[in-house]
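With the first letter of the sequence shown counted as 1, position 33 gets the number 32 in numbering that gives the first Met the number 0; the numbers rise by one all the way through. Read through the structure below, which is laid out as structure tokens, and then see the notes.
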Amino acid sequence: MKILITGFAPFGGETINPSWEAVSKLPERFVTEKGEEAVLARYQMPVSYDRCGRVIRELMAKEVPDCVVCVGQAGGRMAVEPELIAVNVKDAPSPDNDGVEYHGEPVVAGSPDGRFARLPVREMAAACKARGIPANVSFSAGGYVCNCLMYQVLDLIEREYPDMRGGFIHVPYECRQAAAQMKVNKPSLPLSLITDGLLTCLKVL
Ligand code: PCA
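And the structure:
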């Protein structure tokens, strides 16, 4: 099984993004719970509403994976969170890394309001918890670039790659980020645990 996995570049004044830190530390090959050999193709995504869709479309065409798993930082969350659904809206108070803001525009005009992940999100969260890693199924990926990317992956799968699976996992700050922001008491997990959580999710595939 080939898995295309992405993490994001840093944004919002951070110098690291735990999604990319963790994705880049995942082993390139591993065996899933079902005993299947899995190989990863890893890429960093730009924090850009307008560019992320083009980049993922090119990567999906180039790699033709069995499964696409995109990962992003959700500062303030406390657990590894597979996302259940992406919504067809771009809406966030902050600009992306290109300085672009959206306030209510659709991700893909004319497409459905929401698209469900094509990943075993409940099994992923349960497998993490069984290993002692905080995890939950999340019911909202937000309205910023992560949701925008997730929606486009699922829209592409629906239209062009019916046999592909795909979805999104949000991860909390890692401890280095929380240490740098101690004034605001943000929750965080050690990078090793975030990486282990992602691998645990992937092994459920
Ligand atoms: N998190 C942001 C975008 C990039 C990232 O890592 C989000 O949750 O939308």
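For each residue, glycine too, the CB sits at the ideal point set by N, CA and C.
Reference residue i, options the options, closest by Cα
{"i": "residue 38", "options": "57, 55 and 66", "result": "66"}
{"i": "residue 132", "options": "200, 34, 48 and 5", "result": "200"}
{"i": "residue 134", "options": "76, 99, 33 and 100", "result": "76"}
{"i": "residue 20", "options": "96, 90, 117 and 72", "result": "72"}
{"i": "residue 138", "options": "149, 130 and 129", "result": "149"}
{"i": "residue 83", "options": "97, 56 and 113", "result": "113"}
{"i": "residue 9", "options": "174, 115 and 95", "result": "95"}
{"i": "residue 46", "options": "61, 5, 32 and 186", "result": "5"}
{"i": "residue 97", "options": "153, 154, 44 and 167", "result": "44"}
{"i": "residue 62", "options": "93, 2, 154 and 158", "result": "2"}
{"i": "residue 168", "options": "115, 101 and 110", "result": "115"}
Inter-residue CB distance, residue i and residue j (contact presumed, cutoff 8 angstroms)
{"i": "residue 41", "j": "residue 23", "result": "6 angstroms"}
{"i": "residue 86", "j": "residue 48", "result": "Actually they do not touch by this definition, with Cβ atoms about 14 angstroms apart."}
{"i": "residue 25", "j": "residue 198", "result": "6 angstroms"}
{"i": "residue 186", "j": "residue 173", "result": "Contact doesn't hold; Cβ gap of about 11 angstroms is too wide."}
{"i": "residue 142", "j": "residue 90", "result": "4 angstroms"}
{"i": "residue 27", "j": "residue 202", "result": "About 14 angstroms; that fails the 8 angstroms criterion."}
{"i": "residue 110", "j": "residue 154", "result": "5 angstroms"}
Check whether residue i and residue j have beta carbons under 9 angstroms apart
{"i": "residue 81", "j": "residue 120", "result": "yes"}
{"i": "residue 165", "j": "residue 68", "result": "yes"}
{"i": "residue 136", "j": "residue 124", "result": "yes"}
{"i": "residue 57", "j": "residue 0", "result": "no"}
{"i": "residue 52", "j": "residue 147", "result": "yes"}
{"i": "residue 88", "j": "residue 106", "result": "yes"}
{"i": "residue 7", "j": "residue 16", "result": "yes"}
Local Cβ density within 10 Å of residue i, reported as buried at 16 or more and exposed below that
{"i": "residue 140", "result": "buried"}
{"i": "residue 78", "result": "buried"}
{"i": "residue 181", "result": "exposed"}
{"i": "residue 184", "result": "exposed"}
{"i": "residue 191", "result": "exposed"}
{"i": "residue 74", "result": "buried"}
Contacting residues, own chain, Cβ-Cβ under 8 angstroms from residue i (five flanking each side not counted)
{"i": "residue 163", "result": "59, 64, 65, 66, 67, 117 and 156"}
{"i": "residue 103", "result": "88, 89 and 90"}
{"i": "residue 50", "result": "97"}
CB contact below 9 angstroms: residue i versus chain C
{"i": "residue 54", "result": "In the structure shown, chain C cannot be found, because there is only a single protein chain."}
Residues near residue i by beta carbon distance below 7 angstroms, same chain, minus five either side
{"i": "residue 13", "result": "176"}
{"i": "residue 152", "result": "55, 67, 69 and 165"}
{"i": "residue 194", "result": "21, 24 and 25"}
{"i": "residue 122", "result": "203"}
{"i": "residue 128", "result": "134"}
Contact set for residue i: own chain, Cβ-Cβ below 6 angstroms, skip 5 residues either direction
{"i": "residue 130", "result": "199"}
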